[in-house]
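For the record, in the sequence shown the residue sitting at position 452 is 500 according to the working numbering, with numbers rising by one throughout.
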Amino acid sequence: MPLHDLYPLFPELQTDIGLQEFLTPISGSLAEDYIAPADRTADLAELGTLCTEQIGDGPAMFDAFARSYCAPYRVQVERTFEGSPLTVARAAQLTTDFLAWLTERVQQTTVRTLVVVLDLLRRAEALPGETGDERLWHFCHISGLDAFREQLFVVFPELGRQLAVLADNGVRHLRRMLDATTAAVADGRLPTAATGSPRPVLTAISYGLGDSHGGGKTVCRLTFSGDRALVYKPRAMDVEHAYAAFVSRIDPDLPVLSVWCGDDCGWQEYADQGQAAPAPAYFHAAGRLLAVLHVLRASDMHYENVLNHRGLPVVVDAESLFSVNRRAGDGREQSAEIQALAQTVFSVGLLPTRIGAPGVADASIDIGFLGYVPGQQAVTTSPVLTDFGTDQPRVGFTAGTVETAAIRPAGDRRSVELQQLCAGFAETYDWILDHVGRVEAWLRELFPGVAVRSVLEATSKYQKLLQTASHPTFQQSTPLKELLLHRIGLGRIDHLTPPVVRAEIRDLLQGDVPYFSLRTDSTWVYHHREAVADVLAQPPLAQTIAGLRAMSPGARDRNLRIIRAAYVDLTEPECDAPAYAGHTVPSAPARTRDLVDALAAELTDAVVAAGPGGRPGWIGATIRDTTQEFPWRVDGLGDDLYAGVAGIALFLAAAGVLTDEARYRTLARDVLCPRVQALLDDPTRRRRQVSGGMAGGYPGLAFTALEVARLSASAELAELGAQLWSRIPEDLPLLEDADFLMGSAGLLAASVTVESGAVTEAAFQHLRGRLDLKPAPDQRLYSGFAHGTSGTLASLARYAAAADDGRVELASLSRIHEGLYDPGAGHWPISNLAPERVARGWCHGTPGVLLGVVERLVAGAPPSDDPRNSVGVLAETVADTCLGLNLSLCHGDIGNLLILAEAAGWDPSGRIADRVADRHAELVTRIVPGALAARVGKSVLNDSAYVGTAGIGLGMILLTGEVDVASPLTLRRNPR
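See below:
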């Protein structure tokens, strides 16, 4: 077959050479030898001749095909159950239950093809009946006939092969499970303690508790008389047995499940999934469990693999121990931050962990054991029949809900959870640190040569490819489906060997999720006991022991930072709210220096050192998508000023000046230089990153580089920053926003500070081109600083003062801005479309409006007595109603206090300055130190400049007026 005919299957590889280089190492000449099958779907119209029956009394049953396909298996399945003393008494019912499960699997596999056949018969008018439901009844009836099935498999031979494999594998798996269980009961490997009776009887079997692997093998739940339940796993369970012994030695109070090992299979006690213990005990135990799993380099401990048992969390699937491993050659392509994050507790999967919700662009779901919420959307989609009841049903793929039992103690606060989780983790981590030699001996004793799972690709990706392969097009030809399944190797063939991809394709052709394993004493990856790739830098047990020996107080603290970062979106708002005593507290400048020094030292100690040819950076909480309800993710921090490395660097440089500590300034320079250079070297990436403006794009990084270069006296960084800043005019057309935070208004303010004529003019023209001075009545207009008229007015005022231009735009926007004020309510609403909503931050709210007024005064505007623009009126509102929120710059107390400090210069009474001094003193002496010690509020769980610890430190510095550094709120320097 000409390779270009395969382009639709591989749109990423649109050349013959590219396809050949990809396909040939995996499957040789399969593509060249492939002959496309003749399309015989038109022959299916003859199926209408099978409609000879009158419509019966029963409803149309769309699973008639699946039930008739599975019916011939009843005899051999019932004989299987009759052949075991465990099941002979209930053979008939157990047979019915098994066939119901098998029927459901056949139905899922065939439903898309059956819908296509029904549509073809309907369009050919081959089905009798006056109405859609009558024609549907006839179709369902004939789909259960042998003649229908025979003709269907002529047209769709791959479907026939797939169903035969599925059914045969299912029956074989049943027989293997029942034979193993019967033998284990007979020889005592499954004792009375496991089954609950010396003469046990199986009363029910639940199949398919998880994906199928290795020829249809699945996990089953076996229920014996007396409701005693065991979980059967069709793989060796030596790792679970060893894990239970290991946990019991380290922490006997943590629950473990009893395990009984068979030959390449095993049985496990069923977790009771009962009510959780009270919060402090429960989460303290979760922290201790997290430490144990971290030492064992576990992964994939999400809400399905950890459940409640006897009131505490318990691991129900230990196959993913020893799975956090360095591959041979790791470090050449991964950043130092990603490598460092992989070595932390975040890899375990127990912590809250958000991923994008399938099919919902602006939503996310939490797959972590401690973040899961019952009823949330499932990770994978399943085929769902819609519009059933007519002859025009359709198949859609829908993510259902997950109903795993609730795990967290009901009604308990996340702040309590976080504190206890950290305490439990630190307690067990420190115990292990004090007993490294003993723990190493246990590892060597319990886990020699043990098999564990190696997850080479996300299960959801395998499932999605299997769903694609179920399309009728691929049911016409096995070679065509096999070619489609080669997509699993795209982007991976360079770091996975062709034998691995071939093994994945073989499993997928069986309808299974591919399953690979590791041995704790080998660097090879195994597939069904066959070594297929030598990929690890060291055997898993050796890497685990090396990790054990590398444990340290510093590593413990890094892990505690990651635990806290996972909770940024979860702790209650009141955890972050300052509580002022209301009386004057003396504050010495040394207090501020000590606080700033402590924050800077913490960030310096937490930096991830650069690898060869790399760059230093940080791992922690960072914002990925502000449109989502839960925007924070644990990851390597990006380059941005808002929540990334640039913001931290700006704080460190200023801290270095305030404390006269050179290492802070040096680190700030060292993290910025390679980032700026990388953007200069890659124009394509640079152009992509103009989006986000000053807060989220490269203009913010360039501005920070210039500020840090000035503060650290770095000629190298100054040159690099100037080069990157000079690229802005050519990239500016790609910037869509015009607001202060992410658009050209902020860029205009920054360019006035930098005194860059070319960038200033380009930013003004960009802003003017996007400034709508005749807005429609239904057009949303924000009043605040970050996204609204206040910030844009401030930028225009500074530009008008510096360039003697833009006064027309300034006057027009001022009139629009003043029209947003609600005189009846006496407040500034968030926007014209939400007049009842009042915000209290810099980004949205009265503080931002006040700052806009002050910035215009600084630029030369005359003071006003109009309550809309009166510094005194606005400042009183901010001081009375906009404190006690949180510690952030963007929408919290420190940002609002900075704004009040700016306003104090325009208050001749001195009252504002006094209130600022009082609140500043309380923050420095009591509130901020207390928040940093507790570490439960959002502002102290992340390191960002606008909403985290870097912003707290930078705000404290700006309040002193002792360092000439630009404020993130105005992008203007204002030493006092």
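Backbone N, C-alpha and C fix where the C-beta goes; we use that ideal spot for every residue, glycine too.
Reducing DSSP to helix, strand and coil, say where residue i ends up.
| i | result |
| --- | --- |
| Glu317 | strand |
| Lys281 | strand |
| His261 | strand |
| Ala882 | strand |
| Gly379 | Any reading at Gly379 needs caution, since the residue's pLDDT is 49, under 50, leaving its predicted position unreliable; the model's value is listed next. In this structure, Gly379 counts as coil in the three-state DSSP scheme. |
| Pro50 | coil |
| Cys930 | coil |
| Ala140 | helix |
| Ile611 | helix |
| Gln68 | helix |
| Tyr420 | coil |
| His350 | strand |
| Gln425 | strand |
| Ala669 | strand |
| Gly893 | strand |
| His289 | helix |
| Gly485 | helix |
| Phe833 | coil |
| Val30 | Since the first residue shown for the chain is 49 and the last is 1024, residue 30 is missing from the structure and cannot be characterised. |
| Cys623 | helix |
| Ala174 | coil |
| Ile75 | Rather than Ile, the amino acid found at residue 75 in this sequence is Ser. The answer is helix: DSSP assigns Ser75 an H, G or I state. |
| Thr507 | helix |
Taking 8 Å as the cut-off, decide whether the C-beta atoms of residue i and residue j are in contact.
| i | j | result |
| --- | --- | --- |
| Pro660 | Val719 | no |
| Thr545 | Val580 | yes |
| Ile553 | Glu530 | yes |
| Val919 | Val901 | yes |
| Tyr746 | Glu970 | no |
| Val500 | Leu338 | no |
| Ser762 | Arg717 | yes |
| Phe473 | Val682 | no |
| Val340 | Val354 | no |
| Trp876 | Ala834 | no |
| Thr434 | Asp181 | no |
| Leu795 | Gly740 | no |
| Leu92 | Ile190 | no |
| Leu1002 | Ala951 | no |
Residue i to residue j, Cα distance in whole Å?
| i | j | result |
| --- | --- | --- |
| Gly448 | Ser430 | 8 Å |
| Gly379 | Glu924 | Note that Gly379 has pLDDT 49, beneath the 50 cutoff, so the model's placement of it is unreliable and no number is given. |
| Thr229 | Phe272 | 12 Å |
| Gln725 | Arg733 | 12 Å |
| Ala770 | Ala907 | 26 Å |
| Pro457 | Gly996 | 29 Å |
| Gly208 | Asp235 | 40 Å |
| Leu861 | Ala851 | 18 Å |
| Phe678 | Gly192 | 48 Å |
| Leu1007 | Arg535 | 57 Å |
| Tyr574 | Leu222 | 25 Å |
| Val163 | Glu101 | 21 Å |
| Ser879 | Trp954 | 27 Å |
| Gly322 | Asn356 | 6 Å |
| Ser838 | Gly359 | 54 Å |
| Val427 | Ala390 | 22 Å |
| Leu95 | Thr144 | 30 Å |
| Leu67 | Leu78 | 12 Å |
Kindly indicate if chain D contains any beta-carbon less than 8 Å away from that of residue i.
| i | result |
| --- | --- |
| Pro85 | Absent from the structure is chain D; it holds one protein chain and no more. |
Are at least three pairs of beta-carbons, each pair with one atom in the segment 262-278 and one in the segment 209-222, less than 8 Å apart? yes
In chain order, which continuous runs of the alpha helix (DSSP H) of length 4 or greater are located wholly inside the segment 968-1000? 976-982
Taking 8 Å as the threshold, find out whether the segment 780-787 comes into contact with the segment 814-827 through three or more Cβ pairs. yes
Give the list of continuous beta strand (DSSP E) stretches no shorter than 3 residues that lie fully inside the segment 645-703. 667-671, 680-684
In chain order, what are the residue ranges of uninterrupted beta strand (DSSP E) at least 3 long that sit wholly in the segment 779-827? none
Which ranges would you report for the alpha helix (DSSP H) in the segment 934-970 if only whole runs of at least 4 residues count? 941-952, 959-970
Assess, as a yes-or-no matter, whether the segment 323-333 is touched by the segment 482-491 under the definition of 3 or more beta carbon pairs within less than 8 Å. no
Could you tell me whether the segment 191-205 touches the segment 510-524, using the rule of 3 or more Cβ pairs below 8 Å? yes
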